[in-house]
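Novice: So that we are looking at the same thing, I have put the structure below in structure tokens.
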Amino acid sequence: MADDATTARDYRETVFLPDTPFPMRAGLPKKEPEILEGWAALSDKGLYGAVRAKRQADGAPLFVLHDGPPYANGAIHIGHALNKTLKDFVVRSRFALGYDVDYVPGWDCHGLPIEWKIEEQFRAKGRRKDEVPAEEFRRECRAYAAGWIEAQKVEFQRLGVLGDWWNRYATMDFTSEATIVAEFHKFLATGQLYRGSKPVMWSPVERTALADAEIEYHDHVSPTIWVKFPVTEGSDAALGAKLVIWTTTPWTIPANRAVSYNPDIPYAVYEITALEENLEFAPWSAVGDRLIVAEKLAPDVMKAAKVAAFKKVESVDCEGMVLAHPLADLDTHFGYAVPMLAGDHVTDDAGTGFVHTAPGHGADDYNVWLAHGHREILDTVDPDGAYYAHVPMFGGLKVIETEGKKTGKFGPANGAVMDKLIGAGALLARGRVEHSYPHSWRSKAPVIFRNTPQWFIRMDHPVESLGGKTLRETAVQAIADTAFHPDAGRNRIGAMVETRPDWLISRQRNWGTPLAMFVDKHTGHPLNDPAVNERILDAIREGGADAWFTRPDAEFLGVHDPAQYEKITDILDVWFDSGCTHAFTIEGRSDSAWPADLYLEGSDQHRGWFQSSLLEGCGSRGRAPYKAVLTHGFTQDENGEKMSKSKGNTVEPQAITKESGAEILRLWAAMVDYSEDQRIGKTILATTTDAYRKLRNTTRYLLGALAGFTEEERVTDYADFPPLEKYILHRLWELDRDVRAAYESYRFSDVVRPLIEFCQGDLSTLFFDIRKDSLYCDRPDAIRRRAYRTVLDHVFERLTIWLSPLTSFTMEEAWMTRFPDAGSNSLRVIPVTPAEWKNDAEAARWAKVETVMSVVTGALEVERREKRIGSALEAAPVVHINSAELRAAFDGLDPAEVFRTSQAKILDPEERLVAGEELNPFEFFEIPGIDYVKVDPKLAEGAKCARSWRILPEVGTDPRYPELSLRDAEAVAYWDAQQG
């Protein structure tokens, strides 16, 4: 490639220059749909079906990834994209490792979000929900979900996600609903099901009970009140005094039936001796009033009551004490006695040391009430969150607003109760407190505890089919038997299962799978008749859940009298629905297996799908439906903030795909530590795009450098490879080991990051650069060039399959560019790497060589900067290495080739001193910390080769080609002979 215009011959045609149609600019938004079309044409189930067929034909072991269903409601967001992309990494990597992978995508379809959407649609048409027949309402819900399933399916496939999209599952499919009911019947048949009237978390906005998994906690400001209960029975000091309770739920006072205390807490009667002065309002206490509170909390209570001074009268024992309801003077409805109940849930950490106890509105309240032998529980609040009409003074008042602009806000109930307490002289003080309060994770509205009859699955009841163990014990053991990635997930779900209450599975809504059973009206026991249950299942398989609601009871009951049985019309908790997906997706199929090898979802699913699947599997089969669980964190914006449309900081996967291509999103997902919360945004995506360019450029170089490579050119004897090639083969051996291990344990960043570093370091900076001259200028049959191209072929073969699970589109494009008739890159498995490629000696050698190279490179950079040389080929560095070990690393190497210079020498400074040669070490270049390597950056001597541009004394010694070095002259002679 001479730049001398007087050269007699232009040697450019004799130089091998990399050539490939693989473009530098990816054009991914246009190219990816073309690749997807090609994949779709490979079988009746596209690429997924083709790979499965090949693996099955090869007798590959089976791997089952069971899909946690996204909700069929709206376009996919970045969280969906991360989740499905990670699942695709699992599917494709297991294919590459030689597995037959079963992955059936699915959708969760029942539940409130879709109900709300359909209610909105009907309201827009002027129809209220209660005016719409239930069957019509469910039909619209089904159609709505079906539309979003198809929309999301297209979006997921655009990301390159492989799966059996042709046999997707949905919880609303008739067969799915029938299987869910069959699973429910298993709990019925084994005695794990019961109906209990107890306080549950209730969403007035959604008008249904909620399970723990449907609750999230947010900071909330609540009113606080200190209420005085007159003592009617007790010690002489207590009589005439008033016991003080503190609560953040004034609306529950009308439901009060008792006050709880802790026998281990010291209580006392205190007399007020002085009030604060110059107050803007009259306090609700007076000098001489006597109050009973916990001794530790007396100062706090008195401060809240604006009491300036008080004295202790005497300690009191609360056992046997009886109180009057604080509203008893206003209405005889509240004229009942209020007992004192001992309970260890009471503390003196805050409040007054007493707990106002409304058994219908709190779990602890309910438990302590029952523990003391009481059974009657007042119903004070209806499903809409309003007081029942029979509650005096408060009937119809709402605790939480359920309609209009104030939906989800506290209604007038709190204020009305406080006003009545003031009127009764029972309020001591009030205030406001910000605290963590339960909200529905769907409506984001506050919830209340409300006593309702509901259906539960027992957690602590010995079950014969579980070997006498309880569901909780079985689940705890299953957690111990499950692999968790990361392992911290085991503790998280374990803590939840060990402390969770019985599983509330009933909901009072329309759109869902029914608790399809009958209950004997006289005994209250569910009917457990296999013949009845089979008729129920047959009907649901034929007509879906609607069959249960629309067909006459007699059709199911057979010989049983319909008049004696109550049909349960509640629907199942949607978590029970999704917890059953294993039963109708993987169990019983010839090309799948139960339990699944892996469940993969976000970390919030420890309380959701992971847990409901665990409990359902353990309750029905005695073990979890999975062998391993993998969790990922949540995706935040690049400032680490939660994404929100209102903030305008969302990142839409559709926009990334349209602007940059799905490959960029896939590479981002591969590079992040998904086990923690990740960040995404323009700056982060720009960094990802830069990493992608590096991978693409390496791939493009490989394709160009391998143009025309044939099997005849391949070097097959390992002994024939030069040291550099042996080193790169060793690196391939190391990477093969590490990539396989990383894929096996789902550490995708530990695949892509080392491979990017390999491409940038070992390949581009070292291997490609050193061998560039050989590739361009050696004669084609030269062993050095053949060895180089052979190793490039090994690199290409492995890099394209190693990265195929992650950057699937680009590796497919690269493979098909080189082998258009070889079939999809994804059909391949990672090739076996020969054990002889492992060469620790070459690895050690090149670590030493690269140390010396760093010093030489630094010296040449100085020479360029000072304009003493234009390129490294003008240099002939003399490298003084005061280390026998480092000098030995260059045995068998051409230092000029290693340094990319025309000439170079490696010298021992000690030998030169012995020989009497004068050294000027102060003129030599060195790097701090590597003072045993010094470089004298001399200029190359000789003439410049017109073809390779190397400066050598030998240029011109071959009379046939007087402008060339001997190596280049030989190569051109070979080329000329080949041209005839």
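Per my numbering, residue 1 is the first one in the sequence shown, and the count goes up by one each step. We treat Cβ as the ideally placed atom computed from N, Cα and C, and that holds for glycine.
(1) Go to Ile906, then tell me how far its beta strand (DSSP E) extends in each direction, as first and last residue.
(2) Expressed to the nearest angstrom, what Euclidean distance is found between the alpha-carbon atoms of Leu188 and Glu797?
(3) Helix, strand or coil: how does DSSP classify Met496 here?
(4) Indicate the three-state DSSP secondary structure (helix, strand or coil) for Ile684 in the structure shown.
(5) Quick check on the DSSP output: the beta strand (DSSP E) that includes Arg785 runs from which residue to which?
(6) So is Glu813 buried or exposed if we call it buried at 16+ other beta carbons inside 10 Å?
(7) Based on the DSSP secondary-structure assignment, which residues constitute the bridge partners of Glu233?
(8) Val829 and Ala96: beta carbons closer than 8 Å?
(9) By how many angstroms is the C-alpha of Ala669 removed from the C-alpha of Gly27?
(10) Is it right to say Ile571 is buried, meaning 16 or more other beta carbons lie within 10 angstroms of its own, or is it exposed?
(11) Among residues of its own chain, excluding the 5 on either side of Gln903, which ones have a beta-carbon nearer than 6 Å to its beta-carbon?
(12) Using alpha carbons as the reference points, say which of Leu378, Val313 and His372 lies closest to His333.
(13) Would you mind listing the alpha helix (DSSP H) stretches within the stretch 271-348 that are 4+ residues and don't spill past its ends, in chain order?
(14) Please identify the residue among Gly512, Pro595 and Asp690 whose C-alpha is closest to the C-alpha of Ser176.
(15) What are the boundary residues of the alpha helix (DSSP H) that Thr817 is part of?
(16) Could you pull out every residue in the same chain whose Cβ sits closer than 7 Å to the Cβ of Asp546, ignoring the five residues on either side in sequence?
(17) What residue range is occupied by the uninterrupted beta strand (DSSP E) comprising Glu566?
(18) Identify the continuous alpha helix (DSSP H) that holds Ala124 and give its terminal residues.
(19) Just to confirm the assignment: which complete beta strand (DSSP E) runs, minimum length 3, are found wholly within the stretch 477-539?
(20) Just confirm the distance between the C-beta atoms of Gln636 and Lys645, as a whole number of angstroms; I'd bet it's less than 8 Å.
(21) Assign Arg967 to one of two classes, buried (16 or more other C-beta atoms within 10 Å of its C-beta) or exposed (fewer than that).
(22) Assuming the contact rule is C-beta atoms closer than 8 Å, Val476 and Gly494 should be a hit. Round their C-beta distance to whole Å, please.
(23) Let's see if you can read the secondary structure: which residues bound the alpha helix (DSSP H) around Asn451?
(24) Just to confirm, are Tyr674 and Val629 a CB contact at a threshold of 8 Å?
(25) Does Trp975 come out as helix, strand or coil in the three-state DSSP assignment?
(26) May I ask you to list the residues that DSSP assigns as paired with Ser965?
(27) For the beta strand (DSSP E) containing Asp936, list its first residue and its last residue.
(28) Does the stretch 768-788 come within contact of the stretch 959-976, defined as at least 3 CB pairs closer than 8 Å?
(29) Considering only their Cβ atoms, is the gap separating Pro453 from Ser197 smaller than 8 Å?
(30) Considering Cα atoms alone, identify which of Thr402, Gly423, Ala416 and Ala843 is closest to Ala445.
(31) Rounded to a whole number of angstroms, what is the C-alpha to C-alpha distance between Phe748 and Gly351?
(32) Can you tell me whether Glu131 is buried or exposed, with buried defined as 16 or more other CB within 10 angstroms of its CB?
(33) On the DSSP bridge assignment, give the partners of Pro223 in chain order.
(34) Met853 by DSSP, collapsed to three states: which one?
(35) Going by alpha carbons, who is nearest to Glu34 out of Thr683, Gly160 and Pro133?
(36) Flag this pair as yes or no: are the beta carbons of Val878 and Val933 separated by less than 8 Å?
Specialist: Working from what's here:
(1) Per DSSP, Ile906 belongs to the beta strand (DSSP E) from Lys905 to Leu907.
(2) Approximately 56 Å, taken between the alpha carbons.
(3) Reduced to three states, the DSSP call for Met496 is helix.
(4) In this structure, Ile684 counts as helix in the three-state DSSP scheme.
(5) No beta strand (DSSP E) contains Arg785, which is instead part of the alpha helix (DSSP H) from Ile783 to Trp802.
(6) Under this definition Glu813 is a buried residue.
(7) Looking at the DSSP assignment, Glu233 forms a beta bridge with Val322.
(8) Taking 8 Å as the Cβ cut-off, Val829 and Ala96 qualify as a contacting pair.
(9) Looking at the two C-alpha atoms, the distance is approximately 20 Å.
(10) When all chains shown are included, Ile571 counts as buried.
(11) Counting only residues of its own chain and dropping the five nearest sequence neighbours on each side, Gln903 has a CB closer than 6 Å to the CB of Ala876, Ala896 and Ala940.
(12) Looking at the Cα atoms, Leu378 is the closest of the given residues.
(13) Counting only unbroken stretches of 4 or more residues, the alpha helix (DSSP H) elements lying wholly within the stretch 271-348 are 298-304, in sequence order.
(14) When only C-alpha atoms are compared, the closest one is Gly512.
(15) Note, Thr817: alpha helix (DSSP H), Ser808 to Arg818.
(16) Answer for Asp546: Glu135 and Arg138, listed in chain order.
(17) Looking at the DSSP string, the run of the beta strand (DSSP E) that includes Glu566 is Tyr565 to Lys567.
(18) Ala124 -> alpha helix (DSSP H) spans Leu112 to Ala124.
(19) For secondary structure counted as the beta strand (DSSP E) over 3 or more consecutive residues, the stretch 477-539 holds these complete runs in sequence order: 483-485 and 518-520.
(20) With a beta-carbon spacing of about 14 Å, Gln636 and Lys645 fall beyond the 8 Å limit used to define contacts.
(21) It is buried - the Cβ of Arg967 has at least 16 other Cβ atoms within 10 Å.
(22) Between Val476 and Gly494 a beta carbon distance of about 7 Å is seen, short of the 8 Å cut, so the two are scored as contacting.
(23) That residue, Asn451, is in no alpha helix (DSSP H); its beta strand (DSSP E) goes Ile448 to Ile457.
(24) Contact: no.
(25) In the structure shown, Trp975 falls within a helical segment according to DSSP collapsed to helix, strand and coil.
(26) Ser965 pairs with nothing; no bridge assigned.
(27) Asp936: member of the beta strand (DSSP E) spanning Val933 to Asp936, first to last residue.
(28) Segments in contact, yes.
(29) In contact: Ser197 and Pro453 (Cβ atoms closer than 8 Å).
(30) Among Thr402, Gly423, Ala416 and Ala843, the Cα nearest to that of Ala445 belongs to Thr402.
(31) Approximately 51 Å between the Cα atoms of the pair.
(32) With fewer than 16 other Cβ atoms from the protein chains shown falling within 10 Å of its own Cβ, Glu131 counts as exposed.
(33) Note: Pro223 sits in a beta bridge opposite Arg432.
(34) In this structure, Met853 counts as helix in the three-state DSSP scheme.
(35) Minimum Cα distance to Glu34 is reached at Gly160.
(36) Cβ atoms of Val878 and Val933: not closer than 8 Å.
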